[in-house]
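In this note's numbering, the protein residues as written are 2 to 107.
Each remark here refers to the structure printed beneath this line.
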Amino acid sequence: GKPYSYGADGPRSFDCSGLVRYVFLHAIDRSLPHNAAEQEHVSHRIWHRSHLEVGDLVFQTSGSGYAFHVGIYAGHGEFWNAPHSGTSVRKQHMYNARWRFGRIIN
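So this is what it looks like as structure tokens:
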């Protein structure tokens with residue numbers, strides 16, 4: 002329920018990669034970059050959506066393949082997301098978009 006704020010990495014507000022960074026740092030003491038594309042770069046690629054596990058990263062990509070948004074897979078087609086200005090962190094259904102997937106925890 003914390004508010005979205007561009008460039009924020011918690012605990013009072015978050016942007017998408019800041020939320021992922023905060024969760025992984027506090028849950029498993031793993032430091033990640035504060036950028037969706039860089040977080041994709043340091044993750045292990047998951048090739049099929051059917052192989053997603055809770056805690057995997059979901060990356061929304063542009064037509065050119067650049068990862069510009071990231072969230073944390075919550076299971077059952079949902080993910081934890083800090084969507085955009087004017088919204089708050091929330092769990093939501095994965096909408097229609099270009100997605101790639103990665104795993105930090107092996």
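For each residue, glycine too, the CB sits at the ideal point set by N, CA and C.
A quick note: this is a predicted structure, and the numbers were derived from the prediction, not measured.
Option in the options with minimal Cα separation from residue i
i: Y74; options: G8, Y67 and A83; result: A83
i: P34; options: W48, C17 and H85; result: C17
i: F15; options: S89, H94 and A68; result: S89
i: A68; options: G56, S51, V55 and S44; result: S44
i: Q93; options: G76, S86 and I106; result: G76
Where residue i falls: helix, strand or coil (DSSP)
i: I105; result: coil
Outcome for residue i when other beta-carbon atoms lying within 10 angstroms are tallied against a minimum of 16
i: R13; result: exposed
i: H70; result: buried
i: A37; result: buried
Cβ of residue i within 8 Å of any chain E Cβ
i: N36; result: Absent from the structure: chain E. Only one protein chain is present.
Stretch-stretch touch, CB-based, cutoff 8 Å, three pairs: the region 86–101 with the region 51–65: Contact between the region 86–101 and the region 51–65 is present, because at least three Cβ pairs lie under 8 Å.
Minimum length 4: unbroken alpha helix (DSSP H) runs contained in the region 20–101: Listed in chain order, they are 37–43.
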